[in-house]
Structures are given as structure tokens and as C-alpha cells.
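What follows is a short report on a single structure.
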Amino acid sequence: CPYFGAQLMAIDAHIIFCPYSYVLDPVVRRAMDVDLTGAIVIFDEA
1 CPYFGAQLMA IDAHIIFCPY SYVLDPVVRR AMDVDLTGAI VIFDEA
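Heads up, the sequence shown is in UniProt numbering, so the first residue is 1 and it goes up one at a time.
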């Protein structure tokens, strides 16, 4: 399943590309287990 595969690969990744809703929406952030502690976040609207 691509969903679970992406979650497993994100654990060890240094760079992750995702929709900004994964970062900005606290409900989605908790559901996706996104931890921003010590992270540098770049938003590109292009």
C-alpha cells in the first residue's frame, strides 16, 4: 500500500515533500505522526 509505504520511508528520510495541510492542520499532523521538533519547514506555493 503506497500510504503505509510512504509512512515507513518518511521515518528515516532527511527531506519529505508533502501537501502543506500535513504540516498546518493539527488534526492531520497528529494522524500522520508529523513531528516538527527541530525541523526546517519550507513552503513553496509555485
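Built from N, CA and C at the ideal position, the CB exists for glycine as well.
Coarse secondary structure for residue i, derived from DSSP in three states
| i | result |
| --- | --- |
| V41 | coil |
| P19 | coil |
| D25 | coil |
| A46 | coil |
| M32 | coil |
| A10 | helix |
Close-in-space but distant-in-sequence residues of the same chain around residue i (CB under 6 angstroms, 5 per side omitted)
| i | result |
| --- | --- |
| A10 | I16 |
Between the CA atoms of residue j and residue i - distance to the nearest angstrom
| i | j | result |
| --- | --- | --- |
| L36 | A13 | 13 angstroms |
| F43 | P26 | 17 angstroms |
| A6 | A39 | 19 angstroms |
Spatial neighbours of residue i in its chain, beta-carbon cut-off 8 angstroms, leaving aside the 5 residues before and after
| i | result |
| --- | --- |
| Y22 | V28, R29, M32, V34 |
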